[in-house]
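These protein sequence lines are chains A and B, in that order.
Yeah, the first sequence ends on 177 if you go by our numbering, and it's all consecutive.
Yeah, the second sequence ends on 177 if you go by our numbering, and it's all consecutive.
Cβ coordinates follow ideal geometry from the N, Cα and C atoms, glycine included.
This report concerns only the one structure given below.
2 protein chains.
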Amino acid sequence: MKILEDNIRAIPDFPKKGIIFRDITPLLANPNSFKATIDALCELAIKSDCNKIVAIESRGFLFGSAMAYKLSMPLVIVRKPGKLPWKKLREEYSLEYGTDAIEIHEDSITTSDKVVIVDDLLATGGTAHACANLIRKAGGSVSSFIFVVELEGLGGRETLSEPVQSLIRYKEE
Amino acid sequence: MKILEDNIRAIPDFPKKGIIFRDITPLLANPNSFKATIDALCELAIKSDCNKIVAIESRGFLFGSAMAYKLSMPLVIVRKPGKLPWKKLREEYSLEYGTDAIEIHEDSITTSDKVVIVDDLLATGGTAHACANLIRKAGGSVSSFIFVVELEGLGGRETLSEPVQSLIRYKEE
Chain A
5 MKILEDNIRA
15 IPDFPKKGII
25 FRDITPLLAN
35 PNSFKATIDA
45 LCELAIKSDC
55 NKIVAIESRG
65 FLFGSAMAYK
75 LSMPLVIVRK
85 PGKLPWKKLR
95 EEYSLEYGTD
105 AIEIHEDSIT
115 TSDKVVIVDD
125 LLATGGTAHA
135 CANLIRKAGG
145 SVSSFIFVVE
155 LEGLGGRETL
165 SEPVQSLIRY
175 KEE
Chain B
5 MKILEDNIRA
15 IPDFPKKGII
25 FRDITPLLAN
35 PNSFKATIDA
45 LCELAIKSDC
55 NKIVAIESRG
65 FLFGSAMAYK
75 LSMPLVIVRK
85 PGKLPWKKLR
95 EEYSLEYGTD
105 AIEIHEDSIT
115 TSDKVVIVDD
125 LLATGGTAHA
135 CANLIRKAGG
145 SVSSFIFVVE
155 LEGLGGRETL
165 SEPVQSLIRY
175 KEE
């Protein structure tokens, strides 16, 4: 989608040397590109057999929220450790150095739920994979993963068991 | 709004003893209450003389995103330190112990901008106040603050110079 390409800014050497960061703030700031993005993400969600939108903190919130609103679907949030106040499940995952974790409220997923997991970016897939594990721990199933941006060549798509869909792809060397 | 009250869960002693946490995850999970919330927030934004929605990380993203989508208005994000990749402005503010900071992209606000600042919760108003300072530093002006939940009695409303609107208020002792 050209309107997406035109509104994603490539920033070299962020957060560290050699990385090209794909900055979505221009996309958010342009109502036409934001609408085109949300509408395209919603089309992908409609084609998935799903009944809930799961958004990953925190840039996933920027897309999952408007999708849930447009589709009139329940919105479930997956957060960084210590943020959710109720009974929760936790999943750890590896980073380049060390580990991180995400959490979900136990009561946010039931055994009949089929969810789409939404985030802004697919890179190595660590967080998305952990998120899918959380959904399964909670008793639900994952219909698909939906991303705005996919960085190809980092193994993200291969890490994930369920279908992966993305609106725009960049080849990482 | 009764549908909001019914879908905000009071959790005692989170994040620490004596605090009643107002959990908005049931509100997100119920499409009717989420729609009612977003529609009511949008009505408040329409009544403000504004041309941009500014959402504060990260729960502000959950509301600002759907508002920007519905209103076809630009969405600007204010983030925790180190997250934004481009040229940015920074504002520090005091916490109970120590300080924190938020950042905004320099180019996200122009001198003709009048914004509404959106977040889920107004407590002491520290973050919202810092956010307004950031908008002014960037050259814009603040039309109003819009919150889903306001905790009265913590001085938040008094801390802020511009009009404050909220959908639901709780009296804190």
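- Item | Per-residue burial, N36 (chain B) [other beta carbons within 10 Å of its own, 16 or more giving buried] | exposed
- Message: Looking at the secondary structure, which residues open and close the beta strand (DSSP E) in which T103 (chain B) lies?
- Response: T103 to H109
- Query: If you check the beta carbons only, do L45 (chain A) and I150 (chain A) fall under 7 Å apart?
  - Reply: yes
- Do G160 (chain A) and E176 (chain A) have their C-beta atoms within less than 7 Å of each other? no
- Item | Short Cβ contact (7 Å threshold) for I12 (chain B) with F25 (chain B) | no
- What residues in the region 73-105 of chain A bring their beta carbon closer than 9 Å to a beta carbon of chain B? Y73, K74, L75, S76, M77, P78, L79, V80, I81, R83, K84, G86, K87, L88, P89 and W90
- Please list the segments of the alpha helix (DSSP H) lying wholly inside the region 57-125 of chain A, counting only runs of 4 or more residues, in order along the chain. 63-75
- Task: State the beta-bridge partners of I24 (chain B) as determined by DSSP.
- Result: B:P16
- Item | Paired residues, beta bridge with C155 (chain A) - DSSP | For the sequence presented, residue 155 (chain A) should be read as Leu rather than Cys. L155 (chain A) is bridged to A:Y174.
- Item | Residues that F149 (chain B) bridges to, as DSSP identifies them | B:I121 and B:V168
- Other residues of its chain near E127 (chain B): CB distance less than 7 Å, five sequence neighbours each side excluded: Residue identity check: residue 127 (chain B) is Ala in the sequence provided, not Glu. Excluding residues within five positions, the ones whose Cβ falls inside 7 Å are L155, L158 and G160.
- Message: I need the boundaries of the alpha helix (DSSP H) containing A33 (chain B), first residue and last residue.
- Response: T29 to A33
- Inspect the beta-carbon positions of V153 (chain A) and L125 (chain A) and report whether they are closer than 7 Å. yes
- Message: Quick check: what's the CA-CA separation for S145 (chain B) versus D117 (chain B)?
- Response: 6 Å
- Roughly how far, in whole angstroms, is the beta-carbon of I60 (chain B) from the beta-carbon of D123 (chain B), given that I think they are within contact range, below 8 Å? 4 Å
- Message: Tell me the DSSP secondary structure of T41 (chain A) in three-state form.
- Response: helix
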